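Step one of this worksheet: look at the structure below.
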Amino acid sequence: MVDYAILLIALPLFAAFLIPLVAMVNKNWPKYIPILVTAFNSVLSINLLLYLNAHNGTPFIVKIGGFIPPFGINLFIGYLAIILLMLISFVGLMISLYTINTVKDAESRYYMLFILLLMGVTGLVITGDLFNMFVFLEITSISAYSLTAYKRDGLSLEASMKYILIGSLASVFVLIGIGVIYYSTHTLNIADISNHINTVPKYIKMFSLSMLLIGLAIEAELFPVNGWVPDVYQASPTPVTTIFSSIVVKATIYVFFRVLFTVFRADLTVMNFVMGLGVITLLIGEISALKQVNIKRMLAYSSIGQVGLIVIAISSYSSMGVAGGIYQMINHAIFKGILFLGTAYMITSVSGTGKISDLKGIAQKMPISSFIVSFSIIALLGVPPLTGFWAKMMILSSVMSSGHQIIVALILFATVVEAVYYLKFIAVIYDSSEITNSFKSTIKFNKIVPIVLFALTIILFSVVPQFLVKFQDVLLKAANELTNVSSYISIVLGS
Amino acid sequence: MKKIIATLILLVFTFYTYNTIKGFRFGHDFLNAKTNNKKISQKIEPAGKHYLENNKLENNASNVVTSIVVSYRGFDTLGEVTVLFLAATGLGVILTLTKKEDDDENENDSSEGEPSLIVKTASRILFPLIFIFGAYVFIHGHLTPGGGFQGGTIIASAYLMMFLSYSNFKINHSIFKSIESMSGLTFISIGLVGLIGFGIFLKLNLIPMGVFNTLFSAGLIPIVYIIVGFKVGSELTAVVDSYRENW
Amino acid sequence: MVLMLLQIFLLILMLIAAIFTVAYKDLMNSVIVSGFISLGASLLFYFLQAPDVALTEAAIGTGLTTYIFVVTIRKTERMEK
Amino acid sequence: MSWVETVYNYSYFVGAFGLIMIGLYAVMVKTNLIKILIGINLIDVGVNIFLVSLGYIKGKGAPIFSNASVTPANSIDPIPQALVLTAIVIGVAVTALSLSVIIKLYQHYKTLDISKIREMRW
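Residue numbers (the numbering used here), protein chains in the order written: chain A, 1 to 495; chain B, 1001 to 1247; chain C, 2001 to 2081; chain D, 3001 to 3122.
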């Protein structure tokens, strides 16, 4: 069977514990361990995809400790989990390539934290137990706190402090929610809770739902509680920011909707409320991005806006909308990977401070990187026939068919705003005037290769039509896994 | 102004919570209560009841909390150990590296508060006793209250006592680091043995289960808890030490 | 009956101590009092038939947490302005 | 049922949520970082008491079968205890990490007041 899927978590953990010992033997070896681990996880997740394809795409569970599901912890892996797993390990691999030779001090500690961050996110995506999810949420956020403070200058310490304070409140709320739901259903297994959730009195259900949603909304960067995001994104080292934006947010959005759809079987009122939050998040994110002068801060606000779009899509609850949301998750992870890594590469070349104006006219010196960054911006904006267009089409059509014409108009408005500041950015890097800062030409292959590979992925998603048809099928199946509660229950608990 | 807003928020929260919690019954025997719900066809056995009844058969540990922590929810414990590991690593990143910057004023602090001879002698005598007590707590984790986390913390507090009474007491960092890593690796290896042999990660009944309520019972549970004890002990000692080093 | 009264008394004491913890201007006082709150919680866990949790709370909440708070206060400043 | 028992039945919930409220008040109102962290610790203690009290059953003993008189039928629910063990350990990890950040912040800004630190305006 596929019990080896547990290696997705066990192996990174093993590697993280091994790093201190390896570092004692040779100081230079630890930097290769993240590459090995993420490469192994990529292979493993592709292997799981093949397994799933060979078995009619029915999701499977992995029992840990050999106890039957409501009593032991189980993992739940289907197309959705595998899509996210492939995303995590692919982006992780790219970033570990990018990171080689850029970490200055405390190298082995940095790599430990990095691997454990990826491990926590992996656990969030595949676990089938509510409290286990809490533990992985804590692993993710504690490694994120340490990585945010990694540079130890004033800005990163402040950002880390902010993140810690709001993150501990989030975990407290999640814990209260889990306690209440445990008291009313006497179980912690997600499928089992979902099975019994209708016997829980409505007011208890609402209380526990609101506690969990406050906690998870903080981690998923939703509107009223995302004040920490720009600071944390700006202050952390760029590879870490990329991980936050490309992976961590995606996994927490997944958890958010897993709790909403499967655990609580949320009704239309709650969905509309969440959709409203998504709309506000989208608008505030995009409009705040307009007036930013710092690139990472601009990208952070743009990230918030994209979170809003994904949340709108998934909370529409139609299979097309959820599929569009998942598609947008993949796209956004790749685009933001290029944007964060590419701009950071440009900034280190001109030894700038991170302002947009530092990059004036950089395209003359760095044509390839500039071209790839602009290309990914165009794809992100949704110019047909690039991949961003298809995702946006799916989202818009599903929101339209659910009868929210105003929201469609607002999404289009946000896209226009997004286009304004991104095109302004392209105009800056293609400016014809000479660059002001001293330019130091450093062609580093380990930095260019990830960016080029990301760009190739965009092309792959955009232009291979045969691939697209099959891909849409997979997306719809993944959407079905998220929304179809009864099949989730029957897979975990047996019929 | 801030206080008024905070009070208002808290009042709303209190009201909301009160409305929910008033339906809860403290000390109600829900494990053996009859359910009058006919909407559900599937089993509605509370997980807690299942653990209490099947624990002897499946884990053979007298302390059910231990068998839940280590065996039924062993994956959580692995995560928990990782959280401590993360905290120790993060502390190392944040605290110990920029030592040279500013220890001008703090230099005088440590020399001024040197403890008296009585304290020093007493703590030297007490240290092995506390250490052994910690070891006792985690070795008997499957029989009596306590276990790896508690025992590990007790060992860390033994070191804390030494740190407090000897201002120049040093620990060997590489030994502690190795213990930390080795115990983590052993924990995962035990899990992997089950995976390779039986296709089940963290299978703990690989060795004979022994006689109930004796030291050699409960399969691998005591061994895992001893490993957890070593790991927690070395991690918390590292945490305490990195706070102290920054004096 | 006596046990019930004892627990109620302990809870009231903890709440009063918590208010003092928040109100004190001297951070060292707050930290020590919050250590006592942890100790009270550990007693309550014992009354709630949770000896494992009581042991953990006593060792971690009362001992280690208080120590690292005290170190932090000595490294920074003692008074809340 | 005497009045003592009535009070007792609610005392744990009131006490636990009282601690949570006081902690939340400290987090929202105080500007001193260490004070805020003490508030978060109070919230943690409150949540732990709440969780353990959810598993308590009157007149039953701890789930430790060392003594032959304890049987599965007369012991309390062990799961919340296992959860709280995890929660306490996670709590101390977060506290240790955040205090170290506070020490470093103080070395940079010579203040613990969040309203005086540049970026930390909520």
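Cβ coordinates follow ideal geometry from the N, Cα and C atoms, glycine included. Nothing here was measured: the structure is a model prediction, and the numbers come from that model.
### Message
Going by DSSP in three states, K355 of chain A sits in which element: helix, strand or coil?
### Response
strand
### Task
Look at V263 of chain A and I190 of chain A and say whether their C-beta atoms are less than 8 Å apart.
A contact, by the Cβ cut-off of 8 Å.
### Task
Give the single residue among B:G1210, B:I1226, B:G1229 whose Cα lies nearest to the Cα of A1061 of chain B.
Comparing Cα positions, the closest option is B:G1210.
### Meets three-Cβ-pair contact criterion under 8 Å: the segment 237-254 of chain A and the segment 333-341 of chain A
yes
### Message
Pull the bridge partners of M76 of chain A from the DSSP assignment, please.
### Response
Note on identity: in this sequence residue 76 of chain A is Phe, with Met being the wrong assignment. In the DSSP output, where bridge partners are listed per residue, F76 of chain A has A:I61.
### Message
If you reduce the DSSP assignment to three classes, tell me which class F2020 of chain C lands in.
### Response
Secondary structure at F2020 of chain C: helix, using DSSP grouped into helix, strand and coil.
### Query
If you draw a straight line from the alpha carbon of A3026 of chain D to that of K162 of chain A, how long is it in whole angstroms?
16 Å
### Message
Under DSSP, the alpha helix (DSSP H) around Q364 of chain A begins and ends at which residues?
### Response
Careful: Q364 of chain A lies outside any alpha helix (DSSP H) and carries neither H nor E.
#### Entry: Unbroken alpha helix (DSSP H) run spanning I1009 of chain B, endpoints
1002-1021
### Query
Given a threshold of 16 other Cβ atoms within 10 Å of its Cβ, counted over all protein chains shown, does S3069 of chain D qualify as buried or as exposed?
The residue in question, S3069 of chain D, is exposed, as its Cβ has fewer than 16 Cβ neighbours within 10 Å.
### Separation of E481 of chain A from Y488 of chain A, as counted between CA atoms
7 Å
### Query
Under 9 Å Cβ-Cβ, which residues of chain D neighbour A2058 of chain C?
Result: empty, since nearest Cβ-Cβ is about 10 Å, beyond 9 Å.
### Query
For I2068 of chain C, which of D:S3100, D:H3108, D:I3040, D:L3112 has the nearest alpha-carbon?
When D:S3100, D:H3108, D:I3040, D:L3112 are compared, the shortest CA-CA separation from I2068 of chain C is found for D:S3100.
### Limits of the unbroken alpha helix (DSSP H) element including I1190 of chain B
1173-1198
#### Entry: Beta-carbon proximity of Y334 of chain A to F425 of chain A, cut-off 8 Å
Correcting the residue identity first, residue 334 of chain A is Ile in this sequence and not Tyr. The answer is no: Cβ separation not under 8 Å.
### Query
So which of D:A3062, D:L3051, D:S3066 has the shortest CA-CA distance to I3076 of chain D?
D:A3062
### Query
Does the beta-carbon of M2079 of chain C have 16 or more other beta-carbons within 10 angstroms, so that it is buried, or is it exposed?
exposed
#### Entry: D129 of chain A - DSSP class collapsed to helix/strand/coil
strand
### Interface residues of chain B facing T3086 of chain D [CB-CB closer than 7 Å]
Per Cβ cutoff of 7 Å: D1076, E1080.
### Task
Can you tell me which of the three DSSP states S1067 of chain B falls into?
helix
### Task
Give the residues of chain D in contact with S1062 of chain B, contact being defined as C-beta atoms less than 8 Å apart.
I3064, F3065, S3066
### Message
Let's see if you can read the secondary structure: which residues bound the alpha helix (DSSP H) around H1050 of chain B?
### Response
1047-1058
### Query
Can you tell me whether DSSP reads G3061 of chain D as helix, strand or coil?
strand
### Message
Does any residue of chain C have a CB that is nearer than 8 Å to the CB of Y3025 of chain D?
### Response
True, the Cβ-Cβ gap to chain C drops below 8 Å.
### Task
Output the boundary residues of the alpha helix (DSSP H) element that contains P237 of chain A.
P237 of chain A -> no alpha helix (DSSP H), and no H or E assigned at all.
### Message
Please report the distance separating the alpha-carbon of N198 of chain A from that of G3055 of chain D.
### Response
22 Å
#### Entry: Reduced DSSP category for L475 of chain A - H, G, I as helix; E, B as strand; rest coil
helix
### Check whether G1152 of chain B and G1233 of chain B have beta carbons under 8 Å apart
Contact: yes.
### Task
Return helix, strand or coil for S3075 of chain D, following the three-state DSSP convention.
S3075 of chain D falls in the strand class under three-state DSSP.
### Beta-carbon neighbours of F14 of chain A, restricted to chain B and to distances below 9 Å
G1184, L1185, I1188, S1189, L1192
### Query
Looking at the structure shown, is G1210 of chain B part of a helix, part of a strand, or coil, going by DSSP?
strand
### Task
Please report the Cβ distance between S160 of chain A and A149 of chain A, rounded to the nearest whole angstrom; I am assuming they are in contact, meaning their Cβ atoms lie under 8 Å.
Distance from S160 of chain A to A149 of chain A at the Cβ level is roughly 4 Å; contact confirmed, criterion being Cβ atoms closer than 8 Å.
### Query
Roughly how many whole angstroms lie between the Cα atoms of G1134 of chain B and S1157 of chain B?
9 Å
### Message
Tell me which residue opens and which closes the alpha helix (DSSP H) that R1025 of chain B is part of.
### Response
In this chain, R1025 of chain B is not harboured by any alpha helix (DSSP H), its DSSP state being neither H nor E.
### Query
If you run the structure through DSSP and keep just helix, strand and coil, what is M2001 of chain C?
coil
#### Entry: Presumed contact (8 Å Cβ cut-off) between I73 of chain A and R1073 of chain B, rounded CB distance
6 Å
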